[in-house]
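Those letters in the first sequence? Residues 90 to 332, by my numbering. Backbone N, C-alpha and C define an ideal beta-carbon position, used for all residues, glycine too. Read through the structure below, which is laid out as structure tokens, and then see the notes.
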Amino acid sequence: MRAGSVRRRFQQRLLTWYRRHGRDLPWRKTRDAYSILVSEIMLQQTQVERVIPKYREFLKRYPTLEALARAPVKEVRRTWYPLGYNIRPVHLHGIARETVARYNGRLPSDEKALRSFKGIGPYTAGALLSFAFKKDAPILDTNVRRVLGRVFLGPRRMKALRGQKALWDLSAALVPPGKAYDFNQALMDFGATWCTPRQPRCLPCPMKAFCQSYPLTLPNSDVPSPLLLSPAGRGRVRGRGQR
DNA sequence: GTCCGGGATC
DNA sequence: GATCCCGGAC
Numbered sequence: 090m091r092a093g094s095v096r097r098r099f100q101q102r103l104l105t106w107y108r109r110h111g112r113d114l115p116w117r118k119t120r121d122a123y124s125i126l127v128s129e130i131m132l133q134q135t136q137v138e139r140v141i142p143k144y145r146e147f148l149k150r151y152p153t154l155e156a157l158a159r160a161p162v163k164e165v166r167r168t169w170y171p172l173g174y175n176i177r178p179v180h181l182h183g184i185a186r187e188t189v190a191r192y193n194g195r196l197p198s199d200e201k202a203l204r205s206f207k208g209i210g211p212y213t214a215g216a217l218l219s220f221a222f223k224k225d226a227p228i229l230d231t232n233v234r235r236v237l238g239r240v241f242l243g244p245r246r247m248k249a250l251r252g253q254k255a256l257w258d259l260s261a262a263l264v265p266p267g268k269a270y271d272f273n274q275a276l277m278d279f280g281a282t283w284c285t286p287r288q289p290r291c292l293p294c295p296m297k298a299f300c301q302s303y304p305l306t307l308p309n310s311d312v313p314s315p316l317l318l319s320p321a322g323r324g325r326v327r328g329r330g331q332r
């Protein structure tokens, strides 16, 4: 199968999967860049279920970037509690103030300016470009890394991977022009709810015909082999992941 | 009780 | 690579 063909099938199948299985999340109902920024900062290292109520509370208290910029940072930290990683509200507040001071209150929509803010790294920049500004930008977080690694590379080439550039390039090559928003949201949902770290749903997976990791069996879902349980075996076992 | 997962910073 | 925080899996 040619690479371009796999790419198109992946795009098409992912978007079809998303129409049926995509999550209904509050930050997908808005076009307001500031609201999307708040959601993305909250979603760094924090699960969706914990973010949802705090996202609503935060936006009620600070409905606009200007309102957030006016607030004392100490109060913003209190509002943030108990989401954790408490440098994040400080960064978010700094982004709001800097945007008011340097960008006339409008979040910049180019990557370089976004990355210049503390608290916006490679992932969040891509998320803002595609989700808030509807640009054809790639994203790469651990969900996406896992999905693309499994489907396009397989375990061998994944292991051989050094940095992340190859996966960024792959993510970029996959974005269907004009559909980055839906496609990237779909990638996130697929990684979070389907192609999960543990017990991925391989059997009903729409990608299994061309997935480089199908069928995936995790080390800890194996039936314990007699070798591992025997006295001779036990002495040589070093935790999970034996090959 | 311990381990795993998860972006950005330094 | 260490650090930040916490929920959930085991």
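7 Å Cβ cutoff met for residue i and residue j
i           : j           : result
residue 233 : residue 276 : yes
residue 148 : residue 140 : no
residue 237 : residue 250 : no
residue 138 : residue 213 : no
residue 304 : residue 291 : yes
residue 96  : residue 278 : no
residue 301 : residue 242 : yes
residue 185 : residue 154 : yes
residue 180 : residue 207 : yes
residue 168 : residue 150 : yes
residue 156 : residue 189 : no
residue 265 : residue 100 : yes
Nearest neighbour of residue i, chosen from the options [CA to CA]
i           : options               : result
residue 216 : 123, 108, 252 and 90  : 123
residue 378 : 158, 280, 306 and 261 : Since the displayed the chain opens at 90 and closes at 332, residue 378 lies outside it and no answer follows.
residue 293 : 242, 260 and 102      : 102
residue 286 : 306, 206, 218 and 245 : 306
residue 170 : 143, 183 and 189      : 143
residue 227 : 201, 262 and 207      : 262
residue 152 : 134, 135, 177 and 126 : 126
residue 178 : 191, 188, 162 and 190 : 162
residue 119 : 110, 145 and 266      : 145
residue 92  : 297, 259 and 193      : 259
residue 211 : 175, 247, 192 and 253 : 253
residue 121 : 194, 90 and 175       : 194
residue 235 : 160, 104, 282 and 94  : 282
residue 182 : 165, 110, 274 and 289 : 165
Entirely enclosed alpha helix (DSSP H) segments - the stretch 169 to 199, minimum 4 residues = 176 to 191
Residue ranges of each alpha helix (DSSP H) run of no fewer than 4 residues wholly in the stretch 118 to 170, ordered along the chain?
-> 122 to 132, 137 to 150, 154 to 159 and 162 to 169
Contact between the stretch 262 to 276 and the stretch 212 to 231: three or more CB pairs below 8 Å?
-> yes
In the stretch 234 to 302, which residue ranges form an unbroken alpha helix (DSSP H) of at least 4 residues, counting only runs that do not cross its ends?
-> 243 to 249, 254 to 263 and 269 to 282
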